[in-house]
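First comes the structure, then the notes that go with it.
Right under this line is the structure:
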C-alpha cells in the first residue's frame, strides 16, 4: 500500500510486495540497469502499485495523461 505520494516520488510500505523496509521510489532519478547487475530479488510490487508508479514516471517525463 502506498502511504504517501508526491509529484516525483512514491513512499511504499514494507508490507507491499515483501520489502524489508519502507522504500521511496525517486522517479526523477531514473536510470537504466542491465539485468545481470541485479544480485537478488527483494520483492514484487502489487499491480496497483506498479500502475501508480507508471503514472508518476510518465508525469516526471512530461506526459500529463496517457
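In my numbering, the protein residues as written are 11 to 76. Using N, Cα and C, we set each Cβ at its ideal position, and we do this for glycine too.
- Where do the ends of the alpha helix (DSSP H) carrying residue 66 lie? Sequence index remark: in the chain shown, residue 66 carries index 56 (1-based). Its alpha helix (DSSP H) spans residues 57-70.
- Task: Run the CB neighbour count on residue 52, radius 10 Å, all protein chains shown included, and call it buried at 16 or more, exposed below.
- Result: Numbered from its first residue, the chain shown carries residue 52 at position 42. Exposed, since its Cβ has fewer than 16 Cβ neighbours within 10 Å.
- Task: Would you mind reading off the limits of the beta strand (DSSP E) that contains residue 34?
- Result: Here the question's residue 34 lines up with position 24 in the chain shown. Element bounds for residue 34: 33-36.
- Query: With C-beta atoms as the reference, is residue 22 less than 7 Å away from residue 33?
  - Reply: For the purposes of this step, residue 22 is taken as the residue at position 12 of the chain shown. For the purposes of this step, residue 33 is taken as the residue at position 23 of the chain shown. Going by C-beta atoms, residue 22 is nearer than 7 Å to residue 33.
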